[in-house]
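Protein chains: 2
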Amino acid sequence: MVSNLFGGSAKQSQYIVIVGCGRLGSLLAGDLSSQGHSIVVIEQNESCLGNLSSEFSGFSVVGDAAELATLRQAKVDKADCLLAVTSEDNINLMVAQIARTVFEIPIVLARVFDPDREAIYQELEIDTISPTQLSADLFLQRLGERFENQSQQSAK
Amino acid sequence: MVSNLFGGSAKQSQYIVIVGCGRLGSLLAGDLSSQGHSIVVIEQNESCLGNLSSEFSGFSVVGDAAELATLRQAKVDKADCLLAVTSEDNINLMVAQIARTVFEIPIVLARVFDPDREAIYQELEIDTISPTQLSADLFLQRLGERFENQSQQSAK
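In order, the protein sequence lines correspond to chains V and G.
Each residue of the first sequence is one higher than the last, beginning at 294 in our numbering.
Each residue of the second sequence is one higher than the last, beginning at 294 in our numbering.
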């Protein structure tokens, strides 16, 4: 569990909509829920809601988040923030765009697997996180550390 | 491109086998290749080799990395390091295990999507990187920053 990151002067409880309930979505839903935020998870595949941990105390909506009716059902118009974290870049982009332009949600973050696509999101003022780039950076860092350790050991 | 992480006292050129040529594998292959390392990429689906960038100057082997014959063709017995980065946790675990036990490769790193599985790898002395956990941590951090900024702006 991650410690409460919204301390300080930030509003205590936020209304957060999470689109996608795979590993990442369910992890975020559990953490943010345990921090006292109000969470609604939107997921197309009902069986994925089983990924939600016991920490999760929010609501879930089964449906296609690219449809306005589903977003309205999740009361997206009242959300402080939306996280688009399905496993499909196209869906994340579309939902994030609707959240910004139609519902004017102030904070929209999206997962994007293809690092080459991040530029499109930036133009739309959508904040992106790329697991691919993050992983690559960490692989290279770890590898550097291992090689360094190894050469120090063989020098002894 | 990532700067050369293997400076200092580490051996200059390493022989690195990368299993999986999706987005992450091809990104790593390009970066490590441009740093002057000898890279062999193993990929089952020949069309994925098209992901390799122009920076890549290594070799590729088309085949199933869970088969010893494929690993031998990639001269895994001579490798300083193996990175198992396919999109399948099971394949990454199997290949990483063979690399450690059969070929005794000193440095083995594996991508694992399911954070709950990391414990299995640790028992086998395989270093793991979980894109899911990495992304969750960064999403929570960014979200905290955004909420903090927002509350500072509304306080003005």
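Ideal Cβ positions, reconstructed from N, Cα and C, are used throughout, including at glycine.
Keep in mind the model is a prediction, meaning the values are calculated, not measured.
When the options are compared against residue i, the one with the closest alpha-carbon
i, options, result
"Ser-340 of chain G", "G:His-330, G:Ser-353, G:Val-401 and G:Leu-386", "G:Ser-353"
"Val-312 of chain V", "V:Arg-410, V:Pro-424 and V:Ala-392", "V:Ala-392"
"Ile-332 of chain V", "V:Gly-437, V:Ala-372 and V:Arg-316", "V:Ala-372"
"Gly-315 of chain G", "G:Gln-328, G:Gln-337, G:Ile-309 and G:Ser-327", "G:Gln-337"
"Leu-376 of chain V", "V:Ser-350, V:Val-310 and V:Gln-445", "V:Val-310"
"Leu-345 of chain V", "V:Ala-362, V:Gln-366, V:Leu-320 and V:Gln-434", "V:Leu-320"
"Asn-383 of chain V", "V:Thr-425, V:Gly-351, V:Arg-410 and V:Gly-329", "V:Arg-410"
"Ala-358 of chain G", "G:Gln-445, G:Ser-444 and G:Lys-368", "G:Lys-368"
"Gly-356 of chain G", "G:Phe-349, G:Ser-350 and G:Leu-364", "G:Leu-364"
Test: residue i CB closer than 7 Å to a CB of chain V
i, result
"Ile-335 of chain G", "no"
"Arg-439 of chain G", "yes"
"Arg-365 of chain G", "no"
"Thr-425 of chain G", "yes"
"Leu-345 of chain G", "no"
"Leu-386 of chain G", "no"
"Leu-342 of chain G", "no"
"Phe-290 of chain G", "Because chain G here runs from 294 to 449, residue 290 of chain G falls outside it and cannot be looked at."
Cβ-based burial, residue i [other Cβ within 10 Å; buried from 16]
i, result
"Ser-347 of chain V", "exposed"
"Thr-394 of chain V", "exposed"
"Gln-307 of chain G", "buried"
"Asp-407 of chain G", "exposed"
"Asp-324 of chain G", "buried"
"Ser-447 of chain V", "exposed"
"Gly-318 of chain V", "buried"
"Gln-305 of chain V", "exposed"
"Arg-404 of chain G", "buried"
Straight-line gap, residue i to residue j (C-alpha atoms, nearest Å)
i, j, result
"Glu-360 of chain V", "Glu-381 of chain V", "15 Å"
"Ala-429 of chain V", "Ile-422 of chain V", "13 Å"
"Phe-396 of chain G", "Asp-370 of chain G", "5 Å"
"Arg-439 of chain V", "Gln-415 of chain G", "15 Å"
"Leu-436 of chain G", "Ala-389 of chain V", "15 Å"
"Leu-386 of chain G", "Pro-399 of chain G", "16 Å"
"Val-378 of chain G", "Leu-427 of chain G", "15 Å"
"Met-294 of chain V", "Phe-432 of chain G", "Confidence at Met-294 of chain V is low in this model, with a pLDDT of 40, below 50, so its placement is unreliable and the value that follows should be read with caution. Those two C-alpha atoms are separated by around 14 Å."
"Ile-413 of chain G", "Val-401 of chain G", "14 Å"
"Cys-374 of chain G", "Gly-343 of chain G", "23 Å"
"Leu-417 of chain V", "Ser-327 of chain G", "33 Å"
"Leu-449 of chain V", "Asn-442 of chain V", "Inspection of the sequence shows that residue 449 of chain V is occupied by Lys rather than by Leu. In a straight line, the C-alpha of Lys-449 of chain V is about 11 Å away from that of Asn-442 of chain V."
"His-330 of chain G", "Ala-322 of chain V", "41 Å"
"Ala-362 of chain V", "Ile-335 of chain V", "12 Å"
"Thr-425 of chain G", "Gln-366 of chain V", "28 Å"
"Asp-420 of chain V", "Gln-434 of chain G", "12 Å"
"Ser-350 of chain V", "Gly-351 of chain G", "50 Å"
Cβ of residue i within 7 Å of any chain G Cβ
i, result
"Ile-422 of chain V", "yes"
"Arg-410 of chain V", "no"
"Ala-358 of chain V", "no"
"Ser-428 of chain V", "yes"
"Leu-455 of chain V", "This structure does not reach residue 455 of chain V, given that chain V is present from 294 up to 449, and the question cannot be answered."
"Phe-352 of chain V", "no"
"Leu-417 of chain V", "no"
"Leu-361 of chain V", "no"
* To do: Note down, in chain order, all residues in the region 391-410 of chain V with a beta-carbon under 8 Å from any beta-carbon belonging to chain G.
  => Here the close residues are Pro-399, Ile-400, Leu-402, Arg-404, Phe-406, Asp-407 and Pro-408.
* Where the region 370-383 of chain G meets chain V: residues whose CB sits under 7 Å from a CB there -> So the list reads Cys-374 and Leu-376, given in the order they occur along the chain.
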